[in-house]
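Q:
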Amino acid sequence: MTTRDLIALSREDALLAAVLIAPLAILALDASPARAGGAVLRQQGVDQPVLAEVADLDLVITMGDASSALTDGRNIEIPWMDGVHQGALELTVYRTVDGPTGTEVQSVTVDGAEHGAMLYEGADADVLRRQLAEDLHDPAPLAGWGKPLLAIGPLAVQPGSWSPRIEVTSSVPHSPRGTMKGLALSPDWSHGTYGSMSVSVQATTEAQLRALYAPFDALNLIREDGHSVTATANSYGRAADLPFELLLSTGDEPIRLDLLPFRYSADDGGFVAALLSATADAGDDAVQPRDIVICLDRSGSMDGQKIQQAKQAISEVLGGLSPQDHVAVVSYAATADTASDQALPASSANIDELTAYVSDIIADGGTNIGDALETGFDLLPQVAGHPRYIILLTDGLATEGATATEDILDIARAHSELGARIFTFGVGWDVNTYLLDQLAKETGGEAIYITPGASVSLAIASFFERVASPILGSPVLNLSAFGASDAYPTELPDLYAGQTAVVVSRYTQPGSGVAIVHGLSGGAVEAHYYDVELPTLALTEGYVPRLWATRHVGNLLHDLKLGLVGEEILQGVLAVAGRWGIETDFTYFSVDEAGDSEMSYSDVPTDQYGSVAVATSSSLDAESRADEYGGGGSSQDARVRFAWDRTLVFQSGAYADTTLDANPAWTDLHLFSEAYFALLVQEVDLDLPAFLALGTSLRFEHFGRSFRITDVELFEPAEPGQSPPAQSVSTPAPLPAAVPTVSVGVGYFGDAPPAGVDVPDLDTHTTPPTKPAAGCAGGGSGTG
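Counting the sequence shown from 1 gives a position; the numbering used here is that position plus 760.
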């Protein structure tokens, strides 16, 4: 069924057709994340309709180079309503047709049967949106102003007994997003949560597929080859007023650099997410040999299933190593033991010898972590330049040798010149999270915790699968030409074939410049140069500053866990979390007795070991490494709204922008007045509807003006006789013409700097590599 076939209406659609008949051409659409779809319930005999919520959302996406086939399936929850037995219920589902010119709705089904629908466009769509907003007494439908609107129904429904399933299949051309491209599915008009959300993606491209990225959802990726990736995402209780976006990039560069910027004003500066993707089609000569030392805890507490699973996993890992790799195994209890006096090439004979050694390990005795690390460092080859990994697995506290946390950390610090990343695996609750966290953090590794009952072998196997094919070791992204700072992660992981690393940074100098990615390859420094443009104004990717803030807050909370309690750190947490609406296990919006929301903080536990310590470390690690902004599910109850990078919290009867000055000069508008709609129409290109759609009473800043939207029907005077503020509509603000807008772009120069352009010396790598100096963030910025 094509778009034009949708005119074939069912009998139920006749009511809708009588209201408005519209042409069926698809307009060009902005892909910005706006609340642009909803399920509207009308009850016979009741004037005001209500919004139903989506119980379950299922997305099936087949993605190509230039377009995607999208099937959007929703189960609509039909609530009980007042007086439900006094009148019949009718449900109409509205969806904005997301995508640019050329988007085509191909079919609509209700409970699996093809169903008629009506497509409104242009002025007809906006008339309907305005009518819906006024009927609902909710401006949410206004977010899609100027865009086509699909209406399915009305359908006769019964409360509590039927959850109709609506499926819309569309062909959607991709829209540019930074240097990437993809699609954005507008969120629901309701501010509730989905019971469940399931996403299935098959992406296949002609050019090499480099990155597949969902800014709001964690994708589980399986790369089939250099041109094909499958992905899934599953969540429960996900905020319905967040969009779903899916972006991809293609290209043949050895290291692909993609940029997703956000910048509203020079005062705030800019934010940019940089995605670094190593080629998936790398030949054997491009994959770097690894130097690996595996330190296995064989203390008595490991006896039983834990030691058996660990031995099985290590044996499988050994069998999968490349002959160019060097590997050693250390088993430790009261003392450390090893099968060889140095890491051995991963030849068949050596792997057989190491596998036999692992098979004979017996769990017994105490735990000497310090001796294990000292032995592991001594086994690393002296030839520098290879990616170096020490894998430390333990299920307990240090009881032999050096037992103090700082003493063991000092052992690792004394060998920092070797440039080895330490990856710690803590099994169970009785592990020293301070030690394991810091060993990983100080060396650019990762702390992985395996809770009781979870599979040790699966955790080890999954880790080695991730680090199978390093292409560039100890990478550094240099954006110093743009005044970049405060980059996360502070030290990038190695870049692996077919995988993507996400760096988030601030920048102060938009315009053109040279970006550099450099790291270690074949024992020498390898550099890649890029011609980059970062914009003065970019509003679409509002999640980028929130992602930066999520990582920033996660790192500050980690400092609090380490006992670095100070008013400065705590105020920093509250300021950043409140400004960008970052909810974690320890920062959250709460509602007081007056109904006002505020950012609150609960103390971070400083336990070193035990279930609380492990859970805290795992939670903070997830925040500080987050690659997507998932929003806060609890914010739905705490009355919080989002637009662009703004957070509006409910205060004194209105949703108030956290960036507002204390006593601004207000531009006043009454909800749904003619002046309100006139300004909405005049400034639709400035995305003003995205703000107006957030609520009936609002306070927010928009291009230099502070708006106060007042719901005069619900106005409650602060003192007797007080009237709503009179409207004072200011002149519409143009885009800041004094500062030229620069589009975002990345061009690959190759492995040599462009002629005539000054670039910084690549002195952050030595042989062996050392940690970058302060001011040159290994993860994203600085002077290089």
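Glycine included, C-beta positions come from ideal geometry on N, C-alpha and C. Note that the structure is predicted; figures quoted are calculated from it, not measured.
(1) Whole angstroms is fine: what's the gap from H1146's alpha carbon to L1280's?
(2) By the three-class DSSP mapping on this structure, what secondary structure does H1288 have?
(3) Is the CB-CB distance between P860 and S931 below 9 Å?
(4) Along the chain, where does the alpha helix (DSSP H) that runs through L902 open and close?
(5) For G986 and S1350, I'd like the C-alpha separation in whole angstroms.
(6) What do you reckon, are the CB atoms on W1426 and S1360 nearer than 9 Å?
(7) Whole angstroms are fine: how far does the CA of L1431 sit from the CA of T1456?
(8) Roughly how many angstroms lie between the CA atoms of Y1149 and S1229, to the nearest whole one?
(9) If you check the beta carbons only, do V1118 and S1075 fall under 9 Å apart?
(10) Starting from R937, follow its DSSP beta bridges and name the residues at the other end.
(11) Among residues of its own chain, excluding the 5 on either side of D1254, which ones have a beta-carbon nearer than 6 Å to its beta-carbon?
(12) With contact counted as at least three CB pairs below 8 Å, one residue from each stretch, are the region 1155 to 1162 and the region 1100 to 1119 in contact?
(13) Taking the C-alpha atoms as reference points, what is the distance between P1212 and A1373?
(14) Threshold first: 3 residues or longer. Then list the beta strand (DSSP E) segments lying entirely within the region 1067 to 1130, N to C.
(15) Out of curiosity, what's the CA-to-CA distance linking R1401 and A1453?
(16) Who are the near neighbours of P1272 in its chain, counting only those whose CB is closer than 6 Å to its CB and skipping five residues on each side?
(17) How close, in whole Å, do the beta carbons of G1323 and E1383 come, if the pair is a contact with beta carbons under 8 Å?
(18) From this set, R890, G862, A1106, F1223, which residue's C-alpha is nearest V1441's C-alpha?
(19) Rounded to whole angstroms, what's the CA-CA distance from Q1102 to A1088? Just pull it up for me.
(20) Would P947 and D1028 be called neighbours here (beta carbons separated by less than 9 Å)?
(21) Would you check if there are 3 or more beta carbon pairs closer than 8 Å linking the region 809 to 826 to the region 948 to 958?
(22) Kindly indicate which residue of A1094, P1270, T1095 has the alpha-carbon position closest to the one of G1561.
(23) Short of 6 Å in beta carbon distance, which residues of its chain neighbour V1325, apart from the five on each side in sequence? Order them along the chain.
(24) Given this structure, state the Cα-to-Cα distance separating T1470 from P1485, to the nearest angstrom.
(25) Please state whether DSSP places S958 in a helix, a strand or coil.
(26) Could you tell me how far apart the beta carbons of Y973 and L1007 are, in whole angstroms, since I believe they sit closer than 8 Å?
(27) Would A1241 be called buried (16 or more neighbouring beta carbons within 10 Å of its own) or exposed?
(28) Under 9 Å between the Cβ atoms of T992 and E984?
(29) One question on the structure: do F1022 and W1404 come within less than 9 Å of each other, judged by their Cβ atoms?
(30) With 16 as the cutoff for other CB atoms within 10 Å, does W905 come out buried or exposed?
(31) What is the residue span of the alpha helix (DSSP H) that N980 lies within?
(32) Starting from L1036, trace the alpha helix (DSSP H) both ways and give me its first and last residue.
(33) Of the choices L1458, T1376, N1238, R1468, whose alpha-carbon is the least far from that of D898?
(34) Judging by CA-CA distance, which residue of A1247, A1200, E1473 is the nearest neighbour of F1185?
(35) Pull up the DSSP beta-bridge partners for F1004, would you.
(36) With distances taken Cα to Cα, identify the nearest neighbour of N1192 among G1332, S1378, D1012.
A: Taking the geometry as given:
(1) Mapped onto the sequence shown, residue 1146 falls at position 386. Mapped onto the sequence shown, residue 1280 falls at position 520. C-alpha separation (whole angstroms): 7 Å.
(2) Locating residue 1288 in the sequence shown gives position 528, where the first residue counts as 1. Of the three classes helix, strand and coil, the one that applies to H1288 here is strand, per DSSP.
(3) On the sequence shown, position 100 is the one that residue 860 refers to. On the sequence shown, position 171 is the one that residue 931 refers to. Cβ distance not < 9 Å, so P860 and S931 don't count as in contact.
(4) Counting from one through the sequence shown, the residue named residue 902 turns up at place 142. Careful: L902 lies outside any alpha helix (DSSP H) and carries neither H nor E.
(5) Taking the sequence shown and counting its residues from 1, one reaches residue 986 at position 226. Taking the sequence shown and counting its residues from 1, one reaches residue 1350 at position 590. Roughly 46 Å separates the two Cα atoms.
(6) Locating residue 1426 in the sequence shown gives position 666, where the first residue counts as 1. Locating residue 1360 in the sequence shown gives position 600, where the first residue counts as 1. The answer is no: Cβ separation not under 9 Å.
(7) As a working mapping, residue 1456 is identified with position 696 in the sequence shown. As a working mapping, residue 1431 is identified with position 671 in the sequence shown. Cα to Cα, the separation comes out at about 6 Å.
(8) Mapped onto the sequence shown, residue 1149 falls at position 389. Mapped onto the sequence shown, residue 1229 falls at position 469. Between Y1149 and S1229, the C-alpha separation is close to 13 Å.
(9) Sequence index remark: in the sequence shown, residue 1118 carries index 358 (1-based). Sequence index remark: in the sequence shown, residue 1075 carries index 315 (1-based). Cβ distance < 9 Å, so V1118 and S1075 count as in contact.
(10) In the sequence shown, counting from the first residue as 1, residue 937 sits at position 177. Paired residues: M940.
(11) Here residue 1254 is taken as the residue at index 494 of the sequence shown, counted from 1. Hits under 6 Å: P1147, P1230, G1233.
(12) no
(13) In the sequence shown, the residue the question calls residue 1212 occupies position 452. In the sequence shown, the residue the question calls residue 1373 occupies position 613. So the alpha carbons of these two residues sit roughly 14 Å apart.
(14) 1086 to 1092, 1096 to 1098
(15) In the sequence shown, counting from the first residue as 1, residue 1401 sits at position 641. In the sequence shown, counting from the first residue as 1, residue 1453 sits at position 693. Going by the C-alpha atoms only, they are around 10 Å apart.
(16) Position 512 of the sequence shown, counted from the first residue, corresponds to residue 1272. A quick correction: the sequence has Ser, not Pro, at residue 1272. Within the same chain, S1272 has close Cβ partners E1293.
(17) Locating residue 1323 in the sequence shown gives position 563, where the first residue counts as 1. Locating residue 1383 in the sequence shown gives position 623, where the first residue counts as 1. G1323 to E1383, Cβ: 18 Å. No contact.
(18) Sequence index remark: in the sequence shown, residue 1441 carries index 681 (1-based). The residue with the shortest Cα to Cα distance from V1441 is R890.
(19) Taking the sequence shown and counting its residues from 1, one reaches residue 1102 at position 342. Taking the sequence shown and counting its residues from 1, one reaches residue 1088 at position 328. If I take the Cα positions, the gap works out to 7 Å.
(20) Within the sequence shown, residue 947 is the residue found at index 187, counting from 1. Within the sequence shown, residue 1028 is the residue found at index 268, counting from 1. No, they are not a contact pair.
(21) yes
(22) In the structure displayed, the chain extends from 761 to 1544; residue 1561 sits before or after that span and is not available.
(23) By one-based count along the sequence shown, residue 1325 stands at place 565. Counting only Cβ-Cβ distances below 6 Å, and skipping sequence neighbours, we find nothing.
(24) Position 710 of the sequence shown, counted from the start, is the residue given in the question as residue 1470. Position 725 of the sequence shown, counted from the start, is the residue given in the question as residue 1485. Roughly 8 Å separates the two Cα atoms.
(25) Within the sequence shown, the letter at position 198 stands for residue 958. Of the three classes helix, strand and coil, the one that applies to S958 here is strand, per DSSP.
(26) By one-based count along the sequence shown, residue 973 stands at place 213. By one-based count along the sequence shown, residue 1007 stands at place 247. That belief holds up - the Cβ atoms of Y973 and L1007 are roughly 5 Å apart, short of 8 Å.
(27) Within the sequence shown, residue 1241 is the residue found at index 481, counting from 1. Buried.
(28) To locate residue 992, count along the sequence shown from 1; it is residue 232. To locate residue 984, count along the sequence shown from 1; it is residue 224. No, the Cβ-Cβ distance between T992 and E984 is not below 9 Å.
(29) Within the sequence shown, the letter at position 262 stands for residue 1022. Within the sequence shown, the letter at position 644 stands for residue 1404. In this structure, W1404 lies closer than 9 Å to F1022 by Cβ.
(30) If you number the sequence shown from 1, residue 905 lands on position 145. By the neighbour-count rule (16 or more Cβ atoms within 10 Å), W905 is buried.
(31) As a position in the sequence shown, residue 980 is number 220, starting the count at 1. Taken as a continuous stretch (DSSP letters only), N980 belongs to no alpha helix (DSSP H), being part of the beta strand (DSSP E) at 980 to 985.
(32) For the purposes of this step, residue 1036 is identified with residue 276 of the sequence shown, where counting begins at 1. Not the alpha helix (DSSP H): L1036 falls in the beta strand (DSSP E), residues 1029 to 1038.
(33) On the sequence shown, position 138 is the one that residue 898 refers to. Looking at the Cα atoms, L1458 is the closest of the given residues.
(34) Working through the sequence shown from its first residue, we reach residue 1185 at position 425. The residue with the shortest Cα to Cα distance from F1185 is A1200.
(35) For the purposes of this step, residue 1004 is taken as residue 244 along the sequence shown, with counting starting at 1. Looking at the DSSP assignment, F1004 forms a beta bridge with L945.
(36) Residue mapping note: residue 1192 aligns to position 432 of the sequence shown, counting from 1. Per the C-alpha coordinates, the member of G1332, S1378, D1012 positioned closest to N1192 is S1378.
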